[in-house]
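So for the sequence shown, our numbering puts the first residue at 2; every next one is plus one.
Built from N, CA and C at the ideal position, the CB exists for glycine as well.
All values reported here derive from a predicted model rather than from experimental measurement.
See structure below.
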Amino acid sequence: MASTYFDFKKFRVYHDRCAQKVGTDGVVLGAWVNIEGARRILDIGTGSGLIALMVAQREEDATVYGVDIDENAVGQARENVAASPFAGRVQIVHYDVREFAEHSMEPFDHIICNPPFYTEDTLPPDATRALARNASLLPFEDLVDAASRMLGEEGCFSVMLPMSCRDYFTVLCEASSMHLIRQCTVQTVQRKAPKRVLITYSKKRVENVLKESLILQDGNEKSEAYKYLARDFYL
Numbered sequence: 002m003a004s005t006y007f008d009f010k011k012f013r014v015y016h017d018r019c020a021q022k023v024g025t026d027g028v029v030l031g032a033w034v035n036i037e038g039a040r041r042i043l044d045i046g047t048g049s050g051l052i053a054l055m056v057a058q059r060e061e062d063a064t065v066y067g068v069d070i071d072e073n074a075v076g077q078a079r080e081n082v083a084a085s086p087f088a089g090r091v092q093i094v095h096y097d098v099r100e101f102a103e104h105s106m107e108p109f110d111h112i113i114c115n116p117p118f119y120t121e122d123t124l125p126p127d128a129t130r131a132l133a134r135n136a137s138l139l140p141f142e143d144l145v146d147a148a149s150r151m152l153g154e155e156g157c158f159s160v161m162l163p164m165s166c167r168d169y170f171t172v173l174c175e176a177s178s179m180h181l182i183r184q185c186t187v188q189t190v191q192r193k194a195p196k197r198v199l200i201t202y203s204k205k206r207v208e209n210v211l212k213e214s215l216i217l218q219d220g221n222e223k224s225e226a227y228k229y230l231a232r233d234f235y236l
């Protein structure tokens with residue numbers, strides 16, 4: 002039986018009532034994103050609250066919001082937050098992010114999202130129907146529009162995506178005046194091509210995009226680079 006929770010160094014995350022479980026993608030994104038100096042951070046599709054808790058741990062002066070449309074996930078994320086050391090600085094709200102963007106008055110310094118989209122290598126048997134159902138919850142166009150409206154002029158928007166979606170997503174962000182400033186390709190092992198990419202966009206252009214790469218495994222073990230990235234979280 003799969004575990005109903007995952008222990009990190011400073012908090013525990015229960016995820017049995019969430020569609021999106023605690024996994025490598027969320028941990029990598031929460032550890033990789035540059036939130037230095039951010040005072041208002043938003044985690045879109047927060048699920049169990051994992052990324053919201055990670056960034057609250059990393060940036061002690063930040064107020065963090067997690068938004069999710071799934072009532073069960075919101076309930077469990079609130080419980081996870083309440084049991085954490087960061088309960089006073091993390092707020093979980095039950096909203097469709099498109100509606101949340103309509104009511105959000107103060108801009109965010111950093112917006113983070115790990116969209117729960119299937120990729121071609123992880124699709125269930127009824128792949129086409131599952132993909133269509135999943136994408137219809139929050140199309141990329143709506144996600145980018147909501148993020149661009151809530152992001153401050155000095156702010157950043159970070160996501161983890163399948164490599165196959167990178168170029169299209171970047172076109173959407175550029176059309177909403179958010180420009181690529183940093184990206185990191187993610188490989189499971191060195192011999193395989195990257196299937197994930199971490200990306201940060203900003204309303205300010207940069208002359209040179211920071212390009213990085215990350216290999217997650219060395220044989221059957223976590224790579225040294227991955228262990229170093231997640232050193233403040235994994236036990």
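For Thr25, no beta strand (DSSP E) run applies; the uninterrupted alpha helix (DSSP H) run containing it begins and ends at Thr25 to Trp33, by DSSP. Inclusion of Ile112 and Leu43 in the CB contact set at 8 Å is warranted, their separation being smaller than that value. Cβ contact annotation for Glu142 (same chain, cutoff 7 Å, sequence separation greater than five): Leu173, in chain order.
DSSP places Val160 outside any alpha helix (DSSP H); the residue lies instead in the beta strand (DSSP E), whose first and last residues are Leu152 to Pro163. The residues Cys19, Ala20 and Gly48, in chain order, have a CB closer than 8 Å to that of Asp71 in the same chain once the five nearest residues on each side in sequence are set aside. For the options Trp33, Ser4, Asn35 and Lys11, the alpha carbon positioned closest to that of Lys22 is the one of Ser4. Along the stretch 47-103, the alpha helix (DSSP H) occurs as fully enclosed runs of 4 or more residues at 51-59 and 72-83, listed in sequence order.
Assigned with DSSP and collapsed to three states, Thr171 falls in helix.
For Glu213, the enclosing beta strand (DSSP E) starts and ends at Leu211 to Ile216.
Per DSSP, the continuous alpha helix (DSSP H) segment holding Leu230 begins and ends at Glu225 to Leu230.
Within the model, the alpha-carbon separation for Val65 versus Ala194 is close to 34 Å. For Thr5, no beta strand (DSSP E) run applies, since DSSP gives it neither H nor E.
In this structure Leu181 touches Thr171 by the C-beta definition: roughly 6 Å separates them, less than 8 Å. Per the coordinates, the alpha-carbon of Ala88 lies some 13 Å from the alpha-carbon of Val14.
Under DSSP, Arg13 takes part in a beta bridge, and its partners are Asp8.
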